[in-house]
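Novice: Okay, here's the structure, questions in a sec.
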Amino acid sequence: MAKASLKSRTAYVCAECGAEHNKWQGQCGECGAWNTLSEIVLESASAAPPAARRSGWAGKLETPKITALKDVRSSEEARVSTGIGEFDRVLGGGLVEGAVVLVGGDPGIGKSTLLLQAMAQMSQTLPSLYVTGEESLAQVAGRALRLGLPMDGLQALAETGIEKILDHAVAAQPKIIVADSVQTLWTESLTAAPGSVSQVRESAARLVRYAKETGTAVFLIGHVTKDGGIAGPRVLEHMVDAVLYFEGESGSRFRVLRAFKNRFGAVNELGVFAMGEKGLKEVPNPSAIFLSGGSTQQPGSCVMVTREGTRPLLVEVQALVDSSPLSNPRRVAVGLEQNRLAMLLAVLHRHGGIVTSDQDVFVNVVGGIRVQETAADLPVLLAVLSSLRDKPLAEKTIAFGEVGLSGEIRPIPNGEERLREAATHGFKRAIVAKGNAPKSGAFKAMEVIAVERLSDALEAASE
Ligand code: TYD
Ligand code: MG
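So for the sequence shown, this note's numbering puts the first residue at 11; every next one is plus one.
Right, here's the structure in full:
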């Protein structure tokens, strides 16, 4: 073996995008972020042999050989239920054998609770190992007891050293491992402090390798930092099969689990939970929980039907338009994209003749959820108009549609399904793009006003 390969090599990874650079620089050459590069040590193959070779659980290492793809057993077949329907839905129909799933979220949002509940269920049928680096075993057991979870099949380990964890895994042969949290993991082969990007990355990489070699499913729990990324290791997103984010508004008991990346299912699939006395309860029919629930229609509010993943969801968009003391009035969007709001306000001016350039405009999606669809364009503008005029939309009205730069209202996918969902929840009137309106007479459940131009929509909303 060449002498150079015995030495460990260093590289600089960007905490934002995970790009690797040979030398340190102030700005990441890939994503342009500043001060995000940190040094990592890339171990050489001989410096630290892979777990397989060291522990011998996989027998002797075989040289990879070419195989006909049809002879390879597809791991897609082997899915197990987590015992929690909403969790399965976000995973794309259950947990895939050998999958590595990163579950991210703010501290205290309920990640440990969710995984403990799921593991307690899964351990009924499959040997499972819960590795805790944050809480003591007594704390984990105490929580399981309080939640009344079945504990007989579930093994737990309080350990943070990845080598020890893998040794235990080799001995106990679990089919599912939870590492809570990935930020506490560290490997002996690096000198960097636990929690540093290089430690987290290398420890996670070891677990990923172990998962792939043994077909063990691994959940990595990761805390999200204040500025939104999973602390340090955005780099992890590239290594794992699925990235799920657990989100929720402080003060609200509802929690949303969202697939951000998923090799085995649809992204943007939502699972909805409610945190209560007895842990997390799934909310299997969440379509109306994000409505503010007021009995009368308020100015500045418009209900829309978004389609997150594979099911429609009613959400309320609220706007507050208020005369601004600033020369450069504020445009604040919570749960929506800020730039899109600025663009929509320009369209409102140019094609609707409505000026907001001297107004602060705040837009919020109720319930702390994020809407990424362009279907929100029309409801945003109707909510803005309603707040500006201090006049509520007609009772029981919904709207959805994309607004184009030339003032046209464009249809969006699955229009009829959305209308049906709204009708089920008692909505009587819908303002939608012409292409989304059912053929005349085909839809009796509600009055559907088909609009082609923004001006038509504004007129319909003013009635
Ligand atoms: P936890 O799962 O520890 O969060 P994370 O692992 O994401 O940091 O959840 C902790 C919060 O959940 C804590 O604020 C208390 C609350 N909680 C309940 O309200 N009910 C419960 O049954 C449990 C277990 C936790
Ligand atoms: Mg936790």
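Idealized CB from N, CA, C, for every residue including glycine. A quick note: this is a predicted structure, and the numbers were derived from the prediction, not measured.
Identify the residues that DSSP records as bridge partners of His3: which are they?
Specialist: Residue 3 lies beyond the stretch modelled for the chain, which goes from 11 to 473, so this question has no answer here.
Novice: Would you call the CB atoms of Ser110 and Asp251 closer than 8 Å?
Specialist: For the purposes of this step, residue 110 is taken as the residue at position 100 of the sequence shown. For the purposes of this step, residue 251 is taken as the residue at position 241 of the sequence shown. Rather than Ser, the amino acid found at residue 110 in this sequence is Val. Yes, Cβ-Cβ distance for Val110 and Asp251 is below 8 Å.
Novice: From Gly378 to Leu301, what distance separates their C-alpha atoms?
Specialist: Here residue 378 refers to the residue found at position 368 when the sequence shown is read from its first residue. Here residue 301 refers to the residue found at position 291 when the sequence shown is read from its first residue. If I take the Cα positions, the gap works out to 11 Å.
Novice: So the beta strand (DSSP E) Pro322 belongs to, where does it begin and stop?
Specialist: The sequence position of residue 322 within the sequence shown is 312, counting from 1. From DSSP, the beta strand (DSSP E) with Pro322 extends over Arg321 to Ser333.
Novice: Just to confirm the assignment: which complete alpha helix (DSSP H) runs, minimum length 4, are found wholly within the region 326-396?
Specialist: Whole alpha helix (DSSP H) segments, 4+ residues: 348-362.
Novice: Is DSSP giving Ser416 helix, strand or coil here?
Specialist: Walking along the sequence shown from the start, residue 416 turns up at place 406. Coil.
Novice: Can you tell which of Gly417, Glu30, Gly425 and Lys444 has the C-alpha that lies nearest to the C-alpha of Ser465?
Specialist: Counting from one through the sequence shown, the residue named residue 465 turns up at place 455. Selected option, being the one with the closest Cα: Gly417.
Novice: Report the residue from Gly275, Leu246 and Lys33 whose alpha carbon sits nearest the alpha carbon of Ala25.
Specialist: Against the sequence shown, residue 25 aligns to sequence position 15. The shortest C-alpha separation from Ala25 is found at Leu246.
Novice: Which runs of the beta strand (DSSP E) at least 3 residues long sit entirely within the region 431-455? Give them in chain order.
Specialist: With a minimum length of 3 residues, the continuous beta strand (DSSP E) runs that stay inside the region 431-455 are 439-443.
Novice: According to DSSP, which residues form a beta bridge with Tyr255?
Specialist: Locating residue 255 in the sequence shown gives position 245, counting from the first residue. Note: Tyr255 sits in a beta bridge opposite Gly114 and Arg268.
Novice: Closer than 8 Å is the cut-off here; do at least three beta carbon pairs connect the region 410-425 with the region 439-450?
Specialist: Result yes; three or more Cβ-Cβ pairs closer than 8 Å.
Novice: Could you tell me the boundaries of the beta strand (DSSP E) in which Asp190 lies?
Specialist: In the sequence shown, counting from the first residue as 1, residue 190 sits at position 180. Residues Ile186 to Asp190.
Novice: Does Gln308 come out as helix, strand or coil in the three-state DSSP assignment?
Specialist: Numbered from its first residue, the sequence shown carries residue 308 at position 298. Of the three classes helix, strand and coil, the one that applies to Gln308 here is coil, per DSSP.
Novice: Regarding Ser122 and ligand 2, is the C-beta to nearest heavy atom distance less than 7 Å?
Specialist: Numbered from 1 along the sequence shown, position 112 holds the residue referred to as residue 122. Ser122: yes, Cβ under 7 Å from ligand 2.
Novice: Keeping to the same chain, check which residues put their C-beta closer than 6 Å to that of Asp116; ignore five residues upstream and five downstream.
Specialist: Residue mapping note: residue 116 aligns to position 106 of the sequence shown, counting from 1. Hits under 6 Å: Val234.
Novice: Just to confirm the assignment, what range does the beta strand (DSSP E) spanning Lys291 have?
Specialist: Residue mapping note: residue 291 aligns to position 281 of the sequence shown, counting from 1. Element bounds for Lys291: Gly289 to Glu292.
Novice: Any idea what DSSP makes of Phe97, helix, strand or coil?
Specialist: If you number the sequence shown from 1, residue 97 lands on position 87. It is helical.
Novice: Is it buried or exposed for Asn32, if we count other Cβ within 10 angstroms and need 16 for buried?
Specialist: As a working note, residue 32 is residue 22 in the sequence shown. The residue in question, Asn32, is exposed, as its Cβ has fewer than 16 Cβ neighbours within 10 Å.
Novice: Is it buried or exposed for Leu415, if we count other Cβ within 10 angstroms and need 16 for buried?
Specialist: Here the question's residue 415 lines up with position 405 in the sequence shown. Flag for Leu415 reads exposed.
Novice: Can Thr226 and Glu212 be called in contact, C-beta distance under 8 Å?
Specialist: By 1-based counting over the sequence shown, the position of residue 226 is 216. By 1-based counting over the sequence shown, the position of residue 212 is 202. No, the pair does not count as a contact, with Cβ atoms beyond the cut-off.
Novice: Output needed for His248: all residues of its chain with C-beta closer than 7 Å, excluding positions within five of it in sequence on either side, in chain order.
Specialist: Here residue 248 refers to the residue found at position 238 when the sequence shown is read from its first residue. Only Gly28 meet the Cβ criterion.
Novice: Would you identify the three-state DSSP class for Arg156, choosing helix, strand or coil?
Specialist: Along the sequence shown, read from residue 1 onward, the residue named residue 156 stands at position 146. Three-state result, Arg156: helix.
Novice: Measuring alpha carbon to alpha carbon, tell me which of Ala433, Glu318, Gln369 and Leu217 ends up nearest Glu383.
Specialist: As a position in the sequence shown, residue 383 is number 373, starting the count at 1. Per the Cα distances, Glu318.
Novice: Take every Cβ of the region 264-282, pair it with every Cβ of the region 182-196, and state whether three or more of those distances are shorter than 8 Å.
Specialist: Touching, no.
Novice: Closest by CA to Val192, which one among Ile175, Ala202, Val210 and Ile408?
Specialist: On the sequence shown, position 182 is the one that residue 192 refers to. The option with the nearest alpha carbon to Val192 is Val210.
Novice: How long is the line joining the alpha carbons of Leu112 and Ser367, rounded to whole angstroms?
Specialist: Here residue 112 corresponds to residue number 102 of the sequence shown, with the count starting at 1. Here residue 367 corresponds to residue number 357 of the sequence shown, with the count starting at 1. Their Cα atoms are separated by approximately 43 Å.
Novice: Output the distance between the C-alpha atoms of Thr194 and Leu47, rounded to the nearest integer angstrom.
Specialist: Taking the first residue of the sequence shown as 1, we reach residue 194 at position 184. Taking the first residue of the sequence shown as 1, we reach residue 47 at position 37. Distance between the alpha carbons of Thr194 and Leu47 is about 20 Å.
Novice: Who are the Cβ neighbours of Thr170 in its own chain at under 8 Å, not counting the five residues just before and after it?
Specialist: Here the question's residue 170 lines up with position 160 in the sequence shown. Gly143, Thr194, Leu195, Trp196 and Pro204, listed in sequence order.
Novice: Hey, could you find the ends of the alpha helix (DSSP H) Glu198 is sitting in?
Specialist: Counting from one through the sequence shown, the residue named residue 198 turns up at place 188. That residue, Glu198, is in no alpha helix (DSSP H); it is neither H nor E in DSSP.
Novice: DSSP puts His233 in a beta bridge; with which residues?
Specialist: Taking the sequence shown and counting its residues from 1, the one referred to as residue 233 is at position 223. Its beta-bridge partners are Gly115.
Novice: With a threshold of 8 Å on Cβ separation, who are the neighbours of Ser396 within its own chain once the five nearest residues in sequence on each side are excluded?
Specialist: Residue mapping note: residue 396 aligns to position 386 of the sequence shown, counting from 1. Around Ser396: Pro309, Gly310, Ser311, Cys312, Ala329, Pro402, Leu403 and Ala471.
Novice: What's the gap between the Cα of Gly102 and the Cα of Phe274?
Specialist: Here the question's residue 102 lines up with position 92 in the sequence shown. Here the question's residue 274 lines up with position 264 in the sequence shown. Using only the alpha carbons, I get a separation of about 6 Å.
Novice: Could you check if Ala393 is buried or exposed, using at least 16 other CB atoms within 10 Å of its CB as the buried criterion?
Specialist: Residue numbering aside, residue 393 sits at position 383 when the sequence shown is read from its first letter. Buried, since its Cβ has 16 or more Cβ neighbours within 10 Å.
Novice: Within the chosen definition, does the region 133-141 reach the region 163-177 through at least 3 CB pairs nearer than 8 Å?
Specialist: At 8 Å Cβ cutoff, the stretches touch.
Novice: Output yes or no for whether 8 Å exceeds the beta carbon distance between Leu346 and Ala386.
Specialist: Within the sequence shown, numbered from 1, the residue matching residue 346 stands at position 336. Within the sequence shown, numbered from 1, the residue matching residue 386 stands at position 376. In contact: Leu346 and Ala386 (Cβ atoms closer than 8 Å).
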